[in-house]
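First the structure, in the form of structure tokens, and then the observations on it.
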Amino acid sequence: SHMWEPRPTTREEFVAWPPPGYVPYQVVFPRWSFSYPSADFFLASVTMTENQQNVALVLETVTNGYGENTLVWVPGEMPTNQPWPRPAADTTYRVAVSNVRIAGSPRSFTYDVIVMDPGPTITTVTGVTPGRGPVVGGTAVTITGTNFFTEQTAVAAGGAAATSVEVIDATSLTAVTPAHAAGAVDVVVTTPAGTATLPNGFAYVPALPPFTDDPLVARSTVVRGIHVTELRQRIDELRIQLGLAAYGWTDVPIAAGVTSIRAIHLAELRTALNEAYAAAGRAAPTYTNAAVVGGATIVTAVDLAEIRTAIAALW
């Protein structure tokens, strides 16, 4: 009943579909269009980008006389009989229509279409880095996931609130762990979009036990079996915490006053510890005496002190 009434006022001077701004993907169809009353589109061209990447398109032949003069195109190789796919995230398409002749003068138009999913926004948690820290808390972690909000976002580890929560963007935030008893705990992120849990997302480890004869003094401390035995114990604990098996050591146990400390013992300590570093995603430590030669290398207090330092750095 309104067919012959005057054309109503529109937001822009043109009518495009999908229109500029946020558009639910369910109503974004494979054929896009740009209309302008009495415009001449016969020499017009269209370019599109998707998140700043060029999009190939097929321009349809201009046919006037069906409503307002209209330019029609199909982005990419989209079948015209298929619905628009659901986007994983808001996707911005920039449309540039050039050489549109209006009243004899060429005009150009540029606008952005942001294809969105209007369904419920769900927060998820996918990772925590680093994934372990001391029971006293204070570990600065980065949490990754989806749909984090710059406000009203809280983090908890093992039921205790984390501090210094800062949302970097929708997929990343930082926080500082609270104190907790030893063991793996769930990491929970709460936002206005809901609560997401990463089971066993962070492991609390007990404080590093003290070493015998600490510190080891170069050219003064005599290397003893207890020193190597303690290092083996700490390294095996690290390996198990990082998902590795305990190492297969030579000369188990090392008998005080009986077993002589040999180059193979030092080489195994370094190998087992390096594997733990690799499992933690960190570069292996550097050692003063890099080459260990059986029957030639003498294990010194410096060698064992370096391994103690590397264990503490990874602990």
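Converting from the sequence shown to the working numbering requires adding 6 to each position, the first position being numbered 1.
Even glycine gets a Cβ: it sits at the ideal position worked out from N, Cα and C.
Taking the alpha carbon of Leu77 as the reference point, which residue from Tyr42, Thr235, Thr227 has its own alpha carbon closest? Tyr42
Going by Cα to Cα distance, which pick from Ala95, Tyr210, Phe40 is closest to Val134? Tyr210
Nearest residue (CA-CA) to Trp79, options Val61, Pro93, Gly125: Val61
Can you tell me which of the three DSSP states Glu281 falls into? helix
Check this for me: beta carbons of Gly82 and Thr129, under 8 angstroms apart or not? no
Using a Cβ-Cβ cutoff of less than 8 angstroms, which residues in the same chain neighbour Ser114 once the five nearest sequence positions on both sides are dropped? Ala102, Val103, Ser104, Asn105, Val106
C-alpha distance - Ala289 paired with Thr159, whole-angstrom precision: 33 angstroms
According to the neighbour-count rule (16 or more other Cβ atoms, all chains shown, within 10 Å of its Cβ), is Thr156 buried or exposed? exposed
If the criterion is Cβ atoms closer than 8 angstroms, does the pair Ala311 and Val229 meet it? no
Backbone CA spacing between Met122 and Ala166 [nearest angstrom]: 35 angstroms
Taking its Cβ as the centre, do 16 or more other Cβ atoms sit within 10 Å of Glu172, making it buried, or is it exposed? exposed
Based on Cα-Cα distance, which residue from Arg268, Tyr283, Ala187 lies nearest to Leu244? Tyr283
Taking the C-alpha atoms as reference points, what is the distance between Val234 and His271? 8 angstroms
Is Val33 helix, strand or coil when you go by DSSP? helix
Write down every uninterrupted run of the alpha helix (DSSP H) in the region 236–309 whose length is 4 residues or greater and which is fully enclosed by it, in chain order. 269–285
Can you tell me whether Met9 is buried or exposed? The criterion is at least 16 other CB atoms within 10 Å of its CB, across all chains shown. exposed
Does Leu320 have its Cβ less than 8 angstroms from a Cβ in chain D? This model lacks chain D altogether; it includes just one protein chain.
Buried or exposed for Pro215, please, with buried defined as at least 16 other CB atoms from any protein chain shown within 10 angstroms of its CB. exposed
Could you give the C-beta distance for Pro36 and Val119, rounded to a whole number, given that I count them as a contact under 8 angstroms? Not a contact, Cβ separation roughly 13 angstroms.
Near Arg238, which residues of its chain fall below 6 angstroms by C-beta distance, leaving aside the five closest residues on each side in sequence? Trp255
With a floor of 3 residues, list each beta strand (DSSP E) that falls wholly inside the region 159–234, ordered by position along the chain. 160–163, 169–175, 178–182, 189–197, 200–211
Please state the DSSP three-state secondary structure of Thr315. helix
With DSSP as the reference, identify every bridge partner of Asn60, one or two as the case may be. Thr55
Rounded Cβ spacing between Tyr31 and Arg92 (contact assumed at less than 8 angstroms): 6 angstroms
Report the option in Gln247, Glu66, Arg225 whose CA atom is closest to the CA atom of Ile317. Gln247
Quick check on this structure: which residue in Leu275, Tyr253, Glu74, Pro140 has the alpha carbon closest to the alpha carbon of Ile108? Glu74
Among Glu236, Ile313, Ile241, the one whose alpha carbon lies nearest that of Ala260: According to the sequence provided, residue 260 is Ile. The question's Ala does not apply to it. Considering only alpha carbons, the answer is Glu236.
Let me know if Ala22 comes out buried or exposed under the rule of 16 or more other beta-carbons within 10 Å of its beta-carbon. buried
With a 10 Å radius around its C-beta and 16 neighbouring C-beta atoms as the bar for buried, classify Thr183 as buried or exposed. buried
Under the three-state DSSP convention, the category Leu49 falls into: coil
Is the beta carbon of Thr97 closer than 8 angstroms to that of Glu56? yes
With distances taken between CB atoms, is the gap from Ala391 to Val141 smaller than 8 angstroms? The chain is shown only over 7 to 321; residue 391 falls outside these bounds and no answer can be derived.
Using the Cβ count rule (16 or more neighbours within 10 Å means buried), how would you classify Val161? buried
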